[in-house]
Amino acid sequence: MKERETTSLSGALGRSSEVVVHHLLELFEETFGAVDGAVVVRAPGRVNLIGDHTDYNDGFVLPITIDRDVYVAARSRGDGLVRLHSLNYQEDLEYALEAMPEFASITWKNYVAGAVEELRRGGFLKCGFDMLIYGDVPLGAGLSSSAALEVAVVFGLEAVDGFDIDPIDTVLLCQSVEHRYAGVQCGIMDQFASRLGRRGHAVFLDCRTLDHEHVPLPLAQTGLALVMADSGVTRELADSQYSERRAACERIAAVAARSDGRVTALRDVDLDLLDRISSSLEPDLLRRARHVIEENVRVERARDALKKGDFSTFGTYMNQSHDSLRDLYEVSVPELDALVATALEIDGVLGSRMTGGGFGGCTVNLVKQESVGNLRDTLVRSFSGRYGREPDVYVLKQNHQTERLFLDDPID
Ligand code: GLA
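As structure tokens, then:
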């Protein structure tokens, strides 16, 4: 019965928001008994167009929201109880708002209860609530399903409890959920993109100041498309390697600070300074530093190219970024490299790169619309010939952002 519910809901996704909301509210009523006063919100995942492993170095990133989201239906309760149900996992969690449980392992519960706890401690959340959660952001694909979950929970509770929280504070709170409750020392990009990304735009973010700019991305009008290809490699090594890369960057910045007291992060190091300190750094650290320094420059230039409508230059920066992540930062895997190499052989592909933390996940491809079919067929044929399984390939829609959804028709 529960499985059927999830299946029928999946079937509804991809259709209009009204249909999804209708299904969610039906399931909410089945699970919690009533829907009066319920709200439904969604928060999207993200794909990063350029600027990877720069956010935790105080650098620049350029992500966009994707049309895959986490949906939350919620309503307040008078008795201080928190009652949660995950449709994806078919699991419940119930506790008193003041008494967050401890968890033996990291699951969806840590992210949700962690966000709730941070809101309570911050003096925002005062009431208990019922909440139904459903997501269609692919898990482990580097598309920030956990950031979407955190943002959806906070945004949903804002509506339910009626408190006001600044969007930037939401982003910081959600990042601290990853740090404190999931043990992942991530940067700020994913939560920022999910909460502040805007449909039809990329968001250029300075991760030091959090200054940002929504840059229009008129794909349809320019005859272009963004296509994701999921390698299906789940990022098993990702967490330990991510921490190792982050620690390496902090070491480089500390060495650089001894030569130039103004350096507080790798963002402040340029190639000249790197050259001056090179004798104090092992070869692998030099490669890591070069990636971050050059990637920051590429992100700014790629943003400028986008503003001028120069998509071909933009694509070139994407390609350079992939090479750098593969050869200097060493976070790619053969499956991602194969997807990129195959894509770049196709006429009409302007740029192709891995996206996100690496060690698996997806590539993102900028391609002329007339070449999308050929790109899809060629990726599937070539990848399955080599690895014996088909990659998921899909064209992104640019129409999602964090938002409250309203149901126009009352439920039967
Ligand atoms: C993961 C992290 C982000 C960012 C990327 C790499 O997605 O959550 O903060 O560091 O990796 O760019």
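Numbering (our numbering), first residue to last: 26 to 437.
Glycine residues also receive a C-beta, built at the ideal position from the N, C-alpha and C atoms.
Test item: CB-CB of residue i and residue j under 9 Å
i	j	result
valine 288	leucine 296	no
alanine 368	threonine 403	yes
threonine 90	arginine 224	yes
histidine 110	leucine 157	yes
leucine 364	histidine 316	no
aspartate 231	histidine 239	no
aspartate 309	alanine 273	yes
leucine 112	leucine 52	yes
serine 171	proline 163	no
Backbone CA spacing between residue i and residue j [nearest angstrom]
i	j	result
glutamate 142	phenylalanine 188	15 Å
glycine 165	glutamine 345	25 Å
serine 35	aspartate 161	Unreliable placement is indicated for serine 35, whose pLDDT of 49 sits below 50; no coordinate value is reported for it.
isoleucine 131	leucine 331	39 Å
alanine 177	valine 258	26 Å
arginine 312	leucine 144	40 Å
leucine 430	alanine 184	11 Å
isoleucine 190	valine 252	34 Å
leucine 432	arginine 401	Only weak support exists for where leucine 432 lies, its pLDDT of 47 falling under 50; the coordinates are left without a value.
threonine 388	glycine 76	14 Å
cysteine 152	arginine 108	12 Å
asparagine 399	glycine 248	15 Å
phenylalanine 229	histidine 48	35 Å
tyrosine 412	glycine 385	14 Å
glutamate 275	alanine 290	7 Å
leucine 421	alanine 227	13 Å
glutamate 127	aspartate 61	31 Å
CB-CB length for residue i against residue j, believed under 8 Å
i	j	result
proline 88	leucine 106	Proline 88 to leucine 106, Cβ: 36 Å. No contact.
valine 392	alanine 250	6 Å
glutamate 355	serine 256	Going by Cβ atoms, the distance from glutamate 355 to serine 256 rounds to 16 Å, so no, they are not a contact pair.
threonine 380	serine 219	Incorrect: roughly 15 Å between the Cβ atoms, too far for contact.
arginine 67	phenylalanine 154	That pair is no contact at about 17 Å.
glycine 70	arginine 93	5 Å
Nearest to residue i (by Cα), restricted to the options the options
i	options	result
valine 72	Gly383, Pro416 and Cys199	Gly383
arginine 210	Phe408, His78, Glu307 and Val420	It is glutamine, not arginine, that sits at residue 210 in the sequence shown. Ranking the options by Cα distance to glutamine 210, first place goes to His78.
phenylalanine 57	Ala98, Gly76 and Val45	Ala98
glutamate 175	Asp186, Pro163, Asp155 and Leu198	Leu198
alanine 254	Asp231, Asn113, Lys151 and Leu168	Leu168
tyrosine 81	His425, Leu235, Ser407 and Gly398	Leu235
phenylalanine 336	Leu118, Val358, Asp309 and Ser377	Ser377
histidine 204	Leu310, Ala140 and Leu221	Ala140
asparagine 321	Trp133, Gly334, Leu244 and Arg292	Arg292
glutamine 216	His226, Tyr206 and Asp194	Asp194
lysine 333	Asp61, Ala172 and Leu242	Leu242
alanine 207	Asp61, Phe180, Ala121 and Ala129	Ala129
valine 45	Ala59, Gly84, Val86 and Val95	Val95
aspartate 417	Arg406, Asn424 and Gln423	Arg406
message: Under 5 Å, CB to any heavy atom of ligand 1. Which residues pass, going along the chain?
response: Asp77, His78, Asp80, Cys211, Gly212, Met214, Asp215, Gly381 and Gly382
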